[in-house]
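Numbering (the working numbering), first residue to last: 911 to 1062.
We put the CB at the ideal spot given by N, CA and C, even for glycine.
A quick note: this is a predicted structure, and the numbers were derived from the prediction, not measured.
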Amino acid sequence: MVNQVLDQDIVFECPHCGKSMAIDPRGAGYVITCPECTNQMTVPQPVKASSGGMSATGTAVSAAAGVAGVAATRTPVQAPVGDLSQALMESSAKVKELTERLREVSARRKYLEHVHSRSSERIEKVRQEFSVIQGALDRLYDVMQELDAAED
Ligand SMILES: [Zn+2]
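Structure representation (C-alpha cells):
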C-alpha cells in the first residue's frame, strides 16, 4: 500500500538526479528530500487530467505505471502529509473544543438569568414584608399617640 502508485498521484522527476517519483496529490507544494541524491525539491502541482481530455488521462496513467515498480519513492512524502492531516485534526479538535466552551458559556448565562430572576422575586417579597412591617409600625405609632392624648 505504501509503495503503490495510484492514478491520481503526482508523478515527477527529481530536478537534480532525474529520479522518477510518485506522491499523494495532497503532497503538492511540499518541499521534500530526494531519496536518491538527498537534494531538496518542491513537489509540483498535479496536472488536471480533465483539461486535456482522454489522451492526457492516458499519458498520466502510463507515466504512473512507469514508476510503479520503484521502491521507497513514496516514503519521504509520508511525513509532510502526515503533519498536514495532524494539523487538520488538531484544528478540528480546537473548533470542537471552542464549540463546547460556547455551549457551556451560554448554559451558564441561562443559569445566571434564572438565578437573577429568582433573586428579584425574593427582593420583591422582602420589600412587601417591609411595607407590611412599616404599616404595622405606623398603626402602632397612631395607637401610642392616642394613648398619649388620653393621658393628658
Ligand atoms: Zn534526486
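DSSP places residue 1015 in the helix class (H, G or I) of the three-state scheme. Secondary structure at residue 950: strand, using DSSP grouped into helix, strand and coil. For ligand 1, no non-hydrogen atom lies closer than 6 Å to the CB of residue 923. Take the alpha-carbon of residue 1031 and the one of residue 1023: they are about 12 Å apart. With a minimum length of 3 residues, there is no unbroken run of beta strand (DSSP E) contained wholly in the region 1006–1061. A distance criterion of 6 Å places the beta-carbon of residue 946 in contact range of ligand 1, judged by its closest non-hydrogen atom. In this structure, residue 929 has its beta carbon less than 6 Å from a heavy atom of ligand 1.
Sixteen is the threshold: since fewer than 16 other Cβ atoms of the shown chains lie within 10 Å of the Cβ of residue 1052, the residue is exposed. Rounded to whole angstroms, the separation of the alpha carbons of residue 1036 and residue 1056 is 30 Å. About 5 Å separates the beta carbons of residue 921 and residue 932, which is inside the 8 Å limit, making them a contact pair.
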